[in-house]
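Colleague: For the first sequence, my numbering begins at 19 and goes up steadily by one. Before I ask anything, let me first share the structure, which is written out below as structure tokens.
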Amino acid sequence: CNSLLAGLVRMDWVDMARDIYHEIVDMGVSPNIYTLNIMVNAFCKDRRFDKVDSFLLEMAEKGIFPDVVTYNTLIDARCRAGHLEEAVQLLNSMDDKGLKPDVATYNAVLNGFCKNGQHGKAKELLGEMLDVGLVPNVSTFNILLGGFCKIGDTSETMRIYDKIANSGLIPDIVSFSCMIDLFAKKGDMNQALAYFRDMKGVGLVPDNVIYTMLIGGFCRIGLISEALKMRDEMVDHGCLPDVVTYNTILNGMCKERRLSDSDQLFYEMVERGISPDFCTFTTLIYGYCKDGQVEKALRLFDKMLKSNLKPDIVTYNSLIDGCCKEGNMEKVNELWDDMCRRGMFPNHITYSILIDNHCSKGQVEEAFRFWDEMVENGILPNVVTYNSIIKGYCRSGDASKAEKFLGKMVNDCVVPD
RNA sequence: GUUCUGGUGCAUACUUGU
19 CNSLLAGLVR
29 MDWVDMARDI
39 YHEIVDMGVS
49 PNIYTLNIMV
59 NAFCKDRRFD
69 KVDSFLLEMA
79 EKGIFPDVVT
89 YNTLIDARCR
99 AGHLEEAVQL
109 LNSMDDKGLK
119 PDVATYNAVL
129 NGFCKNGQHG
139 KAKELLGEML
149 DVGLVPNVST
159 FNILLGGFCK
169 IGDTSETMRI
179 YDKIANSGLI
189 PDIVSFSCMI
199 DLFAKKGDMN
209 QALAYFRDMK
219 GVGLVPDNVI
229 YTMLIGGFCR
239 IGLISEALKM
249 RDEMVDHGCL
259 PDVVTYNTIL
269 NGMCKERRLS
279 DSDQLFYEMV
289 ERGISPDFCT
299 FTTLIYGYCK
309 DGQVEKALRL
319 FDKMLKSNLK
329 PDIVTYNSLI
339 DGCCKEGNME
349 KVNELWDDMC
359 RRGMFPNHIT
369 YSILIDNHCS
379 KGQVEEAFRF
389 WDEMVENGIL
399 PNVVTYNSII
409 KGYCRSGDAS
419 KAEKFLGKMV
429 NDCVVPD
């Protein structure tokens, strides 16, 4: 029964898991600590922390109490929700309950700190972990590797990588992926490929993730041909490109303005049975808009909606920018309304697009209408919006107003660039 | 049988005479 429940939760079928749980209990089967943990995890996945509390009370009446795994689940969920303080509180409260935090507990919090940019605290916590006599595992180091890799801190990432071996542990595929990602993102493909060779040298088999990182690295430096070679290599090794791999190449092609290539690849992926996701569409829509092919972008947008994929603010901003530049203000208004109807609201980029568009046409008054609306909505003007207004004044031959505005900009503590 | 780590659009999306 527990395996079934766990399977459902893993598939994100939380509602069904809960229904089945109730049926099982009604049938007179008594839940145990595993059941409790599976259900707590289910509630956490849905961010239903309130439900967790009542559920724990219910279980306590049956004599089943939270254990370390329960706490780990709760702590991880808090971290994912960005509630680091609560997570740390839970960690600290474990002692009172007679529970001893384990490596997974610390890993969860470490991960929380790293994902929230609190790398210093992560390092402190690693120290605390060692102080209480816990032995970090490869995941512990991988969490830190990923954290420092994401902020591009090469020297710290390499120090942590060395620590893995110094601790008597063996770097695994995730450790290598962090190193490869670090260098691929920096555009240092020689280093990335060196780690790629190293991992194969120690008998690890590169997977989709590794290949996609390398492909993305080549794309980033404009070497689409190398990216495609890497794609061929992965296929030769029996590793099939997935939707992320395709999205990565598509993005590379779009950035290089190779829209006919991306178009072809898009059809290829569909032919091979890989369903485009909302990233695929947003990537292509962005690419076509930037290339001035707004019609094509709008057709893709329709297709996206028909596929039941939800556009996000980036999708809308790309289209709004494209339509603005084309002068199709009717469509802009339509998209704007459509976006709001879907519960997404213009952000500082959306406003910048419209402010700049009106300024480019010398319609400073109109631009200020959006400026005011933006400020009313609690979004502060930034360098981009100030630059646009100054440009607008210059366009309409109002150099003195432009200069006055530059003064206001400095007054508002926005540094001119 | 339950909890912790890696890849894609987007924070490098909007301004920059062209």
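Each residue gets a CB set at the ideal place from its N, CA and C atoms; glycine is no exception.
(1) My assumption, with CB atoms under 8 Å, is that glycine 234 sits in contact with alanine 202. Please give the rounded CB distance.
(2) Could you tell me the alpha carbon to alpha carbon distance between valine 47 and alanine 126, rounded to whole angstroms?
(3) Could you spell out where the alpha helix (DSSP H) holding arginine 66 opens and where it closes?
(4) Grab the span of the alpha helix (DSSP H) containing asparagine 20 for me, first residue to last.
(5) With DSSP as the reference, label phenylalanine 201 as helix, strand or coil.
(6) Ignoring anything shorter than 4 residues, give me the alpha helix (DSSP H) runs that lie fully in the segment 70-116, in order along the chain.
(7) Helix, strand or coil, according to DSSP, for tryptophan 354 in the structure here?
(8) For tyrosine 213, I'd like the list of residues in its chain whose CB is within less than 6 Å of its CB, leaving aside the five on either flank, ordered along the chain.
(9) For the candidate residues Gly305, Asp260 and Ala315, whose alpha-carbon lies nearest to that of valine 288?
(10) State yes or no: is the C-beta of alanine 245 within less than 7 Å of the C-beta of cysteine 237?
(11) Give me, in chain order, the residues of the same chain whose beta-carbon lies closer than 6 Å to that of glutamate 174; leave out the 5 immediate sequence neighbours on both sides.
(12) Verify whether the separation of the beta carbon atoms of threonine 263 and threonine 300 is less than 7 Å.
(13) Alpha carbon to alpha carbon, how far is isoleucine 161 from cysteine 342?
(14) Can you tell me whether glycine 345 is buried or exposed, with buried defined as 16 or more other CB within 10 angstroms of its CB?
(15) Is it right to say methionine 207 is buried, meaning 16 or more other beta carbons lie within 10 angstroms of its own, or is it exposed?
(16) So leucine 54 and isoleucine 82 are in contact, right, with Cβ under 8 Å, and what is the actual spacing, rounded?
(17) What is the rounded straight-line gap between the Cα of glycine 396 and the Cα of arginine 359?
(18) Below 8 Å, how does it come out for the segment 144-151 and the segment 97-117: are there three or more Cβ pairs, yes or no?
(19) Locate the alpha helix (DSSP H) running through aspartate 279, then write down its first and last residues.
(20) Can you name the start and end residues of the alpha helix (DSSP H) that valine 382 belongs to?
(21) Which residues bound the alpha helix (DSSP H) around aspartate 320?
(22) Return the CA-CA distance between cysteine 377 and asparagine 400, expressed in angstroms with no decimal places.
(23) Considering isoleucine 188, what are the terminal residues of the alpha helix (DSSP H) in which it resides?
(24) Would you kindly work out how many angstroms separate the C-alpha atoms of aspartate 190 and asparagine 134, rounded to a whole number?
(25) Measuring straight from C-alpha to C-alpha, what distance separates lysine 139 and tyrosine 124?
(26) Leaving out five residues on either side along the sequence, give the residues of the same chain with a beta carbon under 6 Å from the beta carbon of valine 402.
(27) How far does the alpha helix (DSSP H) with glutamine 209 in it extend, from its first residue to its last?
(28) Of the residues Ile338, Tyr39, Pro84 and Asn129, which one's Cα is nearest the Cα of leucine 102?
(29) Take the Cβ of aspartate 339 as the centre, count every other Cβ of all protein chains shown within 10 Å, and call the residue buried at 16 or more, exposed below.
(30) In angstroms with no decimal places, state the Cα-to-Cα distance between aspartate 416 and phenylalanine 159.
(31) Hey, out of Gly291, Ser185 and Leu337, whose CA is closest to lysine 308's CA?
(32) Quick one: what's got a C-beta closer than 6 Å to valine 350's C-beta in the same chain, skipping five residues either side?
(33) Is alanine 60 near alanine 99, with beta carbons less than 7 Å apart?
(34) Do glycine 270 and isoleucine 242 count as a contact pair if the criterion is CB distance below 7 Å?
(35) Give the straight-line distance between the Cα atoms of isoleucine 42 and phenylalanine 363, rounded to the nearest whole angstrom.
Modeller: Answer, in terms of the structure:
(1) With 8 Å as the limit, glycine 234 and alanine 202 qualify as a contact, their Cβ atoms being about 6 Å apart.
(2) For valine 47 and alanine 126, the distance between alpha carbons rounds to 32 Å.
(3) First-last for arginine 66: undefined, no H or E at that position.
(4) Per DSSP, asparagine 20 belongs to the alpha helix (DSSP H) from 20-28.
(5) In the three-state scheme derived from DSSP, where H, G and I count as helix and E and B as strand, phenylalanine 201 is classed as helix.
(6) Whole alpha helix (DSSP H) segments, 4+ residues: 86-98 and 102-111.
(7) DSSP places tryptophan 354 in helix when its eight states are reduced to three.
(8) Annotation for tyrosine 213: Phe194, Met197 and Ile198 place their beta carbon closer than 6 Å to its own, counting only its chain and skipping 5 residues before and after.
(9) For valine 288, the nearest C-alpha among the options comes from Asp260.
(10) With respect to cysteine 237, alanine 245 sits close: the two C-beta atoms are nearer than 7 Å.
(11) Scanning its chain for C-beta atoms nearer than 6 Å, with the 5 sequence neighbours on each side dropped, one finds around glutamate 174 the residues Phe166, in chain order.
(12) A distance of 7 Å or more separates the beta carbons of threonine 263 and threonine 300.
(13) Approximately 43 Å, taken between the alpha carbons.
(14) Its Cβ having fewer than 16 others within 10 Å, glycine 345 is exposed.
(15) The residue in question, methionine 207, is buried, as its Cβ has 16 or more Cβ neighbours within 10 Å.
(16) That belief holds up - the Cβ atoms of leucine 54 and isoleucine 82 are roughly 5 Å apart, short of 8 Å.
(17) Between glycine 396 and arginine 359, the C-alpha separation is close to 20 Å.
(18) Segments in contact, no.
(19) For aspartate 279, the enclosing alpha helix (DSSP H) has its first and last residue at 277-289.
(20) Segment 382-394, the alpha helix (DSSP H) holding valine 382.
(21) Where aspartate 320 is concerned, the enclosing alpha helix (DSSP H) stretches over 312-324.
(22) Rounded to the nearest angstrom, the two C-alpha atoms are 15 Å apart.
(23) Careful: isoleucine 188 lies outside any alpha helix (DSSP H) and carries neither H nor E.
(24) Their backbone Cα atoms lie some 24 Å apart in a straight line.
(25) Here the alpha carbons of tyrosine 124 and lysine 139 stand approximately 12 Å from one another.
(26) Cβ neighbours of valine 402 beyond the five flanking positions: Ser370.
(27) 207-219 is the span of the alpha helix (DSSP H), which, as asked, contains glutamine 209.
(28) Ranking Ile338, Tyr39, Pro84 and Asn129 by Cα distance to leucine 102 puts Asn129 first.
(29) Under this definition aspartate 339 is a buried residue.
(30) Each residue's Cα considered, the two are about 59 Å apart.
(31) It is Leu337.
(32) These residues qualify, in order along the chain: Ile338, Cys341 and Cys342.
(33) Cβ distance not < 7 Å, so alanine 60 and alanine 99 don't count as in contact.
(34) Yes; because the gap between Cβ atoms is below 7 Å, this pair is in contact.
(35) Rounded to the nearest whole angstrom, the C-alpha separation of isoleucine 42 and phenylalanine 363 is 44 Å.
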